[in-house]
Amino acid sequence: MTRPNADIPEGVHGSMKELGKMYGISTEEAYILAAKVLLNLESGIEYNPDGELVDTFLEKHAKK
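This note's numbering applies: residue 1073 is where the sequence shown begins, and numbers increase by one.
Rendered as structure tokens:
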């Protein structure tokens, strides 16, 4: 696979390859997973494993 964006440092691309291997997913899926994690950290929004938007962490746990 070629790197998705030549501006991405090689170390980051290598990390995405390793993340993909660790979870048994493709490198492209690893980039998507990493983007979702960053989105969660920035916005408090969570995604379930199917990639659907769910309530924020606090709202979800307040309902329990």
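Ideal Cβ placement from N, Cα and C applies to all residues, glycine included.
- Within the same chain, Cβ atoms closer than 8 Å to the Cβ of ALA1102 are found at MET1088, LYS1089, LEU1091, GLY1092 and TYR1095, the five residues on either side in sequence being excluded.
- The three-state secondary structure of ILE1097, taken from DSSP, is coil.
- Here the alpha carbons of ILE1097 and VAL1084 stand approximately 16 Å from one another.
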